[in-house]
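For the record, the sequence lines run as chains A and B. Residue 20 in the numbering used here sits at position 16 of the first sequence; the count goes up by one each step and never skips. Residue 205 in the numbering used here sits at position 43 of the second sequence; the count goes up by one each step and never skips. The next block holds one structure in the form of structure tokens; read it before the comments.
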Amino acid sequence: AQSVAQPEDQVNVAEGNPLTVKCTYSVSGNPYLFWYVQYPNRGLQFLLKYITGDNLVKGSYGFEAEFNKSQTSFHLKKPSALVSDSALYFCAVRDTDSWGKLQFGAGTQVVVTP
Amino acid sequence: ETGVTQTPRHLVMGMTNKKSLKCEQHLGHNAMYWYKQSAKKPLELMFVYNFKEQTENNSVPSRFSPECPNSSHLFLHLHTLQPEDSALYLCASSQDRIAGDSDTQYFGPGTRLTVL
Chain A
5 AQSVAQPEDQ VNVAEGNPLT VKCTYSVSGN PYLFWYVQYP NRGLQFLLKY ITGDNLVKGS
65 YGFEAEFNKS QTSFHLKKPS ALVSDSALYF CAVRDTDSWG KLQFGAGTQV VVTP
Chain B
163 ETGVTQTPRH LVMGMTNKKS LKCEQHLGHN AMYWYKQSAK KPLELMFVYN FKEQTENNSV
223 PSRFSPECPN SSHLFLHLHT LQPEDSALYL CASSQDRIAG DSDTQYFGPG TRLTVL
């Protein structure tokens, strides 16, 4: 079984401050982890993924995420948030045997204020 | 988003109507997906197709009928829907399972469906 949790419905941050969006997961075996972003009236856009290798993954638009196996977490981070980063962020996970069957979190709304 | 297109973008239908959603991908992928996105709920995977063959049906009611005539096109035929079926329906595509382990999915903009 696989599951993912995004514990925060909304994250508020001032422009220029660091942004962190939390994600924890549960899978049997090795996880495949993804982050997506959704802007209003748009589909999901892929940001980054972790499959194996370096625990720090760099992605699009200055985002990065850190895989922490002991804490079963995959938090999304950006050193300096922009107003244009305001959107809905989704974490997704699957296990080794569940090709194509991503389990998405409920999403975290990020609000960046000027 | 031009990699995966969906039409129509908005659809209003009555419970007795029959309509279809269309998805087309221009990424050279061989796997395609339908998702349902309802407010305040996680995305729900509905169907998965790999090389035109359905490989996953996530207990979706029969009033939703998918069709995948080729690797670039995916349809979702709708009939006798219920108001609770109102949602954003998202299509996605990825490389196929044979090509490798990377099933990074690329999404279309979605169809906003309202059932009256």
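We put the CB at the ideal spot given by N, CA and C, even for glycine. Since the model is a prediction, treat every value here as computed from it, not as a measurement.
So, is the C-beta of residue i closer than 8 angstroms to a C-beta in chain A?
i: Glu163/B; result: Confidence at Glu163/B is low in this model, with a pLDDT of 48, below 50, so its placement is unreliable and the value that follows should be read with caution. Answer yes: the Cβ-Cβ gap between Glu163/B and chain A drops below 8 angstroms somewhere.
i: Tyr268/B; result: yes
i: Glu218/B; result: yes
i: Pro170/B; result: no
i: Val174/B; result: no
i: Arg225/B; result: no
i: Lys285/B; result: Only positions 163 to 278 of chain B appear in the structure, and residue 285/B is not among them; the question remains open.
i: Val277/B; result: no
i: Lys181/B; result: no
i: Leu236/B; result: no
i: Gly272/B; result: yes
i: Leu189/B; result: no
i: Ser256/B; result: yes
i: Tyr251/B; result: no
i: Pro228/B; result: no
i: Val222/B; result: no
i: Ala201/B; result: no
Starting from residue i, trace the beta strand (DSSP E) both ways and give me its first and last residue.
i: Thr276/B; result: 273-277
i: Asn219/B; result: 215-219
i: Met194/B; result: 193-199
i: Phe209/B; result: 206-212
i: Tyr36/A; result: 35-42
i: Ser102/A; result: Premise fails: Ser102/A is in no beta strand (DSSP E) and is neither H nor E.
i: Pro83/A; result: Here Pro83/A belongs to no beta strand (DSSP E), and DSSP marks it neither H nor E.
i: Met175/B; result: 172-175
i: Asn16/A; result: 14-18
i: Phe50/A; result: 48-54
i: Ser7/A; result: 7-9
Let me check understanding here. Comparing Cα to Cα, which of the options lies closest to residue i?
i: Ser256/B; options: Met177/B, Lys180/B, Ser233/B, Glu246/B; result: Ser233/B
i: Gly109/A; options: Ser182/B, Leu207/B, Trp196/B, His172/B; result: Leu207/B
i: Val210/B; options: Gly104/A, Gln113/A, Thr112/A, Pro44/A; result: Gly104/A
i: Val116/A; options: Leu106/A, Leu86/A, Phe94/A; result: Leu86/A
i: Gly20/A; options: Asp13/A, Trp39/A, Ala9/A, Asp89/A; result: Asp89/A
i: Leu205/B; options: Thr56/A, Tyr36/A, Gln107/A; result: Gln107/A
i: Pro223/B; options: His239/B, Pro231/B, Thr217/B; result: His239/B
i: Ser102/A; options: Ser32/A, Gln10/A, Glu12/A; result: Ser32/A
i: Gln14/A; options: Thr24/A, Gln6/A, Pro44/A, Ala5/A; result: Thr24/A
i: Val114/A; options: Pro35/A, Tyr40/A, Gly63/A; result: Tyr40/A
i: Glu215/B; options: His235/B, Arg225/B, Leu252/B; result: His235/B
Does residue i get closer than 8 angstroms to chain B when you measure Cβ to Cβ?
i: Asp99/A; result: no
i: Lys73/A; result: no
i: Lys26/A; result: no
i: Ala110/A; result: yes
i: Trp103/A; result: yes
i: Asp58/A; result: no
i: Leu92/A; result: no
i: Lys53/A; result: yes
Could you tell me which residues DSSP pairs with residue i in its beta bridges?
i: Ser77/A; result: Thr28/A, Asn72/A
i: Thr112/A; result: Tyr93/A
i: Thr167/B; result: Glu186/B
i: Phe226/B; result: Leu240/B
i: Ser256/B; result: Ala193/B
i: Thr117/A; result: Ala18/A
Cβ pair count under 8 angstroms reaching 3, the region 239-248 of chain B against the region 169-178 of chain B | The way I'd put it, the region 239-248 of chain B does touch the region 169-178 of chain B; three or more beta-carbon pairs between them come closer than 8 angstroms.
The region 181-201 of chain B / the region 69-77 of chain A touching (three or more Cβ pairs under 8 angstroms) = In short, these stretches do not touch, since the Cβ pair count stays below three.
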